[in-house]
Amino acid sequence: MARLAGKTALVTAAGQGIGRASALAMAREGARVIATDINADALQALSDQGLETRVLNVRDTGAVQALAAELGAVDVLFNCAGFVANGTILDCSEDEWDFSFDLNVKAMYRMNKAFLPVMIAAGGGSIINMASVASSIIAAPNRFVYGATKAAVIGMTKALAADFIGKNIRCNAICPGTVDTPSLNDRMRASGDYEAARKAFLARQPTGKLAQAEDIAGLIVFLASDESAFVTGVAHVIDGGWSNT
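Just so you know, we're using this note's numbering here: the sequence shown kicks off at 756 and counts up by one.
And the structure:
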């Protein structure tokens, strides 16, 4: 039997990368998947493969609340939307700080707050928040505000898990290392020297290779499924050993 048969899963930032791979993986395991993204064109390929899609700006409180009212309860909420900002504190303006915290942290606050009541009323569910190993787990050079936001996500995750464990709500964070996604490749090209940037990312991976989005999707399926029924409040590191070296 499919591991997610009978479950409804909502994924943000599903148009590419980890969000897309996870949406497809959950659909293969029998879930009804609602894939959301701000980019309608990016959603078309998922729609062609039979997934339900919605254009959603997770920075728009009204849009998030409207989607929650439309869909009602979901069994799985995967908050995947985020942005990786480069630089130290000296490079980070207040506007850049505010943008990163709004997209990486407050957007999850919006989604979780909107969907928690209907999940609780329906008997529970699994919330999965996208964090990073570059957070409160380890520091990565030139990831000042990104690391701060992802540390906040881990804190939010633990708080939600503690507050709603009695309501059959599980909340976990995933903490990837470097994943070979379109957004990573965009950042490597933006550096001005793609090959040098790629070598630098590879050099910090003990395995000598980058994770693929599908590697992370396997963890998402586990956390979405009843196999992880006794798992909550955990920051799951999936970084190919980076944080251990």
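Beta carbons: idealized from backbone N, C-alpha and C, even for Gly.
Reduced DSSP category for SER855 - H, G, I as helix; E, B as strand; rest coil: Locating residue 855 in the sequence shown gives position 100, where the first residue counts as 1. Three-state DSSP puts SER855 in a helix.
field: Residue ranges of each alpha helix (DSSP H) within the region 824-900, 4 or longer
entry: If only complete runs of 4 or more residues are kept, the region 824-900 shows the alpha helix (DSSP H) at 849-856 and 862-876, in order along the chain.
- request: Would you kindly work out how many angstroms separate the C-alpha atoms of GLY878 and ASP830, rounded to a whole number?
  value: Sequence index remark: in the sequence shown, residue 878 carries index 123 (1-based). Sequence index remark: in the sequence shown, residue 830 carries index 75 (1-based). Cα-Cα distance, rounded: 9 Å.
- prompt: Does the distance from the CB of VAL810 to the CB of ALA790 come in under 8 Å?
  reply: Mapped onto the sequence shown, residue 810 falls at position 55. Mapped onto the sequence shown, residue 790 falls at position 35. No, the Cβ-Cβ distance between VAL810 and ALA790 is not below 8 Å.
task: State the Cα-Cα distance for the pair THR816 and ARG865, rounded to the nearest angstrom.
output: Start at 1 with the first residue of the sequence shown, and residue 816 comes out as number 61. Start at 1 with the first residue of the sequence shown, and residue 865 comes out as number 110. Whole-angstrom Cα-Cα distance: 6 Å.
query: Are the beta-carbon atoms of THR912 and ASN927 separated by less than 8 Å?
result: The residue given as residue 912 occupies position 157 in the sequence shown. The residue given as residue 927 occupies position 172 in the sequence shown. Yes, Cβ-Cβ distance for THR912 and ASN927 is below 8 Å.
query: Within the chosen definition, does the region 849-863 reach the region 826-841 through at least 3 CB pairs nearer than 8 Å?
result: yes
- prompt: Where does the unbroken beta strand (DSSP E) through ALA990 begin, and where does it stop?
  reply: Locating residue 990 in the sequence shown gives position 235, counting from the first residue. Per DSSP, ALA990 belongs to the beta strand (DSSP E) from 990-993.
Whole runs of the alpha helix (DSSP H) within the region 907-975, excluding any shorter than 4 residues: Assignment of alpha helix (DSSP H) within the region 907-975, counting only whole runs of 4 or more residues, yields 937-945 and 949-958 in chain order.
task: Determine the extent of the beta strand (DSSP E) in which ALA790 is found, giving its start and end residues.
output: In the sequence shown, the residue the question calls residue 790 occupies position 35. Run containing ALA790: 787-792, per the beta strand (DSSP E) assignment.
field: Buried versus exposed, by CB contacts within 10 Å (16 or more), MET885
entry: As a first step, residue 885 must be located in the sequence shown, where it is residue number 130. Classification for MET885: buried.
task: Output the distance between the C-alpha atoms of PRO872 and GLY827, rounded to the nearest integer angstrom.
output: What you label residue 872 is simply residue 117 of the sequence shown in a count that begins at 1. What you label residue 827 is simply residue 72 of the sequence shown in a count that begins at 1. PRO872 and GLY827: Cα-Cα distance of roughly 9 Å.
- request: Out of ALA823, ALA821 and VAL900, state which residue places its alpha-carbon closest to the alpha-carbon of ASP850.
  value: Position 95 of the sequence shown holds residue 850. It is VAL900.
- request: May I ask you to list the residues that DSSP assigns as paired with THR763?
  value: Along the sequence shown, read from residue 1 onward, the residue named residue 763 stands at position 8. Bridge partners of THR763: ARG787.
message: Once the 5 residues before and after VAL976 are set aside, which same chain residues still bring their CB inside 8 Å of it?
response: By 1-based counting over the sequence shown, the position of residue 976 is 221. Cβ neighbours of VAL976 beyond the five flanking positions: ARG758, LEU759, SER777, ALA780, MET781 and GLU784.
- prompt: Leaving out five residues before and five after GLY842 in sequence, what residues of the same chain have Cβ atoms less than 7 Å from its Cβ?
  reply: Reading the sequence shown from its first residue, position 87 is the one you call residue 842. ASN897 and PHE899.
- request: Return yes when the Cβ of ALA945 is within less than 8 Å of the Cβ of GLY772, no when it is not.
  value: Along the sequence shown, one-based indexing puts residue 772 at 17. Along the sequence shown, one-based indexing puts residue 945 at 190. Not closer than 8 Å, so no.
- prompt: CB-CB under 7 Å to LEU965, same chain, minus the five flanking residues each way: which ones, in chain order?
  reply: Locating residue 965 in the sequence shown gives position 210, where the first residue counts as 1. Excluding positions up to five away in sequence, the list reads THR933, VAL934, ASP935, PHE956 and LEU957.
query: Closest by CA to GLY761, which one among LEU798, SER891 and ASP981?
result: Here residue 761 refers to the residue found at position 6 when the sequence shown is read from its first residue. Taking each of LEU798, SER891 and ASP981 in turn and checking the Cα distance to GLY761, the smallest one comes out for ASP981.
message: Using only the alpha-carbon positions, how far apart do ALA818 and LEU974 sit?
response: Your numbering for residue 818 matches position 63 in the sequence shown. Your numbering for residue 974 matches position 219 in the sequence shown. Going from the Cα of ALA818 to the Cα of LEU974 covers about 28 Å.
query: Thinking C-beta only, is VAL992 closer than 8 Å to ILE892?
result: Sequence index remark: in the sequence shown, residue 892 carries index 137 (1-based). Sequence index remark: in the sequence shown, residue 992 carries index 237 (1-based). Yes.
query: Do you know whose CA, among ILE844, SER848, LYS905 and SER890, lies nearest MET863's CA?
result: Along the sequence shown, one-based indexing puts residue 863 at 108. For MET863, the closest C-alpha among the options ILE844, SER848, LYS905 and SER890 is that of LYS905.
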